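Here is the structure we will look at, set down as structure tokens.
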Amino acid sequence: MRSSKSRKVAFLAVFTAFSAAFLYLASVLPTGQLGFLGLASLFGIAAVVEYGIPGGLMVFAGTVIVGLILVPSKSLVLIYALFFGYYPILKSLAERSKRRVLEWAVKLAVFNGAAAVIVFLLHETLFNFEFLRGSVPALFAFLNVVFILFDIGVSRVIAVYMARLYPKMHRGW
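Okay, structure coming up:
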């Protein structure tokens, strides 16, 4: 999408506002927090598709700043900042590789590093799930399965987005 600078800023501001709104919903609704965090990251994906890595960085930074100001649960903003927010940028960069093994190695390494930081900082909250209580390997196995499913789902959302908005150009992202 080629457009003027003011149109670009307006779109990125709207993407940021929607991402922040989903962060807020994750904070105030008792269930579905990870789902809302995932939905918040979809606007970063749209920013990367439409305006490249710089657009994705602007939505990420803007959402974190607005989230820190407005969202009651700072731990959810932290999870967004440590994983969901920059994930569209990471995914775009990793999937430029022609080697699927390298692509997945990068994505899984970054995810597990972020997950380790999140677990270290928020271990009390995460271990509220009874089936994960006291078992860090079980927690990481569970998180990796969820991550892989999330990545596959995001790839499908991107494919639909591209096919609907750019049917003649659609050949992946």
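So for the sequence shown, my numbering puts the first residue at 1; every next one is plus one.
Glycine included, C-beta positions come from ideal geometry on N, C-alpha and C.
Only a predicted model underlies this, so the values are computations on that prediction, with no experimental measurement involved.
Valine 91: buried (16+ other C-beta within 10 angstroms of its C-beta) or exposed?
According to the sequence provided, residue 91 is lysine. The question's valine does not apply to it. Per the 10 Å Cβ criterion, buried.
Is the segment 3-23 touching the segment 32-46 in the sense that three or more CB pairs, one from each, lie closer than 8 Å?
yes
Tell me which same chain residues have a C-beta within less than 8 Å of the C-beta of isoleucine 53, skipping the five on either side of it?
Ile89, Ser92 and Leu93
Roughly how far, in whole angstroms, is the beta-carbon of isoleucine 69 from the beta-carbon of leucine 37, given that I think they are within contact range, below 8 Å?
Isoleucine 69 to leucine 37, Cβ: 18 Å. No contact.
Can you give me the Cβ contacts of glycine 62 inside the same chain, cut-off strictly under 6 Å, excluding the 5 residues immediately before and after it?
Thr16
Whole-number beta carbon distance between alanine 47 and methionine 58, since they are thought to touch under 8 Å
7 Å
Would you check if the distance between the CB atom of valine 71 and the CB atom of serine 27 is smaller than 9 Å?
yes
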